[in-house]
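Taking my numbering, the leading residue of the sequence shown gets 767, the next gets one more, and so forth. Backbone N, C-alpha and C define an ideal beta-carbon position, used for all residues, glycine too. None of these values were measured; they are calculated from a predicted model. Notes for the one structure printed next.
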Amino acid sequence: MAASSNVNYRLLTSVRDEPKQMLQPVSGYEEEPLLSLEEACKPLEKILDHELKQNIIIAKMNSEEPADQLSQDESASIHLYTMEWKKRENSLYAVLNRTLRMADRSKLQPWFRYLKLFLTAFFKLPPSEHNIIWRGVPEDLSALYPKGKKFAWWALSSCTAAISVLESPLYLGTSGERTMFSIQTSNGKCIKAHSYFQQEDEILLAPGRYFEVIDKLSSADGLRIIHIREISPPYQMLADPFDLSRLKEILPQSKPVSHSGKSQNINETSSPVLKPSVPSIVPKPPKSSAVPQPPPPVASKTGKFTLLKQKMRIFFTNYVL
């Protein structure tokens, strides 16, 4: 299937393929030297098809003026990750994420040079200002994520800061079976300035993130919302690409904000976790009026949507604020 330039398919990547068992850490790549994008991708020529070479050229040309104090090759490594191949399943990001989910860690060795360049660029990016981000899939996954469950996502996770993006007809729409993950984290990185898809504020999470299910919400129209929070992993699941203490010299420090709950949030820069902002979909309370208003018809589409928004407001008030 040919990829559409209007759709970021990474936002729809299913998490059903994530392994149910805990895996060995992603490590070994950190010992590689920093190379040019061309040199970093040489071991991948036997894995990826002929489109790799032309897409490297495009990525380098589109990264001649990199943002966020990255080098051209660092920025281009992110750009290449976001590009779609003619066959989507052959795209670099698709093959890499399948490999990151494999229990056989030797399969990652050809990716070490690229991972060194890509993750060096990723960790040098400033943290996203959004501490609630969203990820969606067009299926009901609520049974796989009971409240209190702790789990890992081993692949890179593409998310969005705006729930309205996922509600677009190009993605999940507003009806049918679908699951949205409300992800509470301070470790997301906005890659918009380095992406092939610069029309969207894509927030990316590194591989090997560890979460806990805080709560769930269901609606009558097939929507399931699963609120998860990133917590400290039982072991280091992703080796640092370099000494991350150096990030304090280039990244702004977060202000400490207390959180309710027993789970401990983790931040790779050891800075305190920011207080998440409430998504714009949460309605403001109506102003009081002397004239009583009739209740909305529950059976109508508008009434159902209003009730859902009220539930979501209570949901975020109890678990996020």
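Return the CA-CA distance between Leu971 and Ala986, expressed in angstroms with no decimal places.
So the two alpha carbons sit approximately 30 Å from each other.
Might you give, ordered along the chain, the residues of its own chain that have their beta carbon closer than 6 Å to the beta carbon of Met849, omitting 5 neighbours on each side?
Asn821 and Tyr962
Please report the straight-line C-alpha distance between Pro904 and Trp877, rounded to a whole angstrom.
30 Å
Nearest CA to the CA of Leu1013: which residue from Ser908, Ile949 and Gln835?
Gln835
Just to check my reading of the structure: Tyr932 and Leu777 have Cβ atoms closer than 8 Å, yes? What is that Cβ distance to the nearest angstrom?
Checking the displayed sequence, the identity of residue 932 turns out to be Leu instead of Tyr. Between Leu777 and Leu932 the Cβ distance is about 7 Å, and since that is below 8 Å, they are a contact.
Judging by CA-CA distance, which residue of Arg995, Leu866 and Asp839 is the nearest neighbour of Leu883?
Closest in C-alpha terms to Leu883, from the list Arg995, Leu866 and Asp839, comes Asp839.
Spatial neighbours of Glu798 within its chain, please: CB distance less than 7 Å, with the 5 preceding and 5 following residues excluded, ordered by chain position.
Counting only residues of its own chain and dropping the five nearest sequence neighbours on each side, Glu798 has a CB closer than 7 Å to the CB of Phe878, Arg879 and Lys882.
Can you name, in chain order, every residue of its own chain whose Cβ lies under 6 Å from the Cβ of Leu936, other than the five neighbours on each side?
Val773
Tell me whether Glu804 is buried or exposed, calling it buried when 16 or more other Cβ atoms sit within 10 Å of its Cβ.
Exposed: under 16 other Cβ atoms inside 10 Å.
Going by DSSP, what residue range makes up the alpha helix (DSSP H) through Gln838?
Gln838 to Thr848 is the extent of the alpha helix (DSSP H) around Gln838.
Going by DSSP, what residue range makes up the alpha helix (DSSP H) through Arg782?
Taken as a continuous stretch (DSSP letters only), Arg782 belongs to no alpha helix (DSSP H), as it is neither H nor E.
Answer yes or no: do Val792 and Pro973 have a C-beta to C-beta separation smaller than 9 Å?
yes
Return the residue from the list Gly939, Thr945, Phe889 and Tyr911 that minimises the CA-CA distance to Trp900.
Thr945
Leaving out five residues on either side along the sequence, give the residues of the same chain with a beta carbon under 8 Å from the beta carbon of Met767.
With a pLDDT of only 37 at Met767, under the threshold of 50, the placement of this residue in the model should not be trusted, and no figure is reported.
Taking Cβ to Cβ, would you say Ile949 is nearer than 9 Å to Ile991?
no
What does DSSP give as the partner residue(s) for Asp1009 in the beta ladder?
Paired residue(s): none; Asp1009 is not in a bridge.
Since I believe Ala918 is in contact with His896 (beta carbons under 8 Å), could you give me their beta-carbon distance rounded to a whole number of angstroms?
Distance from His896 to Ala918 at the Cβ level is roughly 22 Å; contact not present, criterion being Cβ atoms closer than 8 Å.
Between which two residues does the alpha helix (DSSP H) containing Val931 stretch?
Ile929 to Leu932
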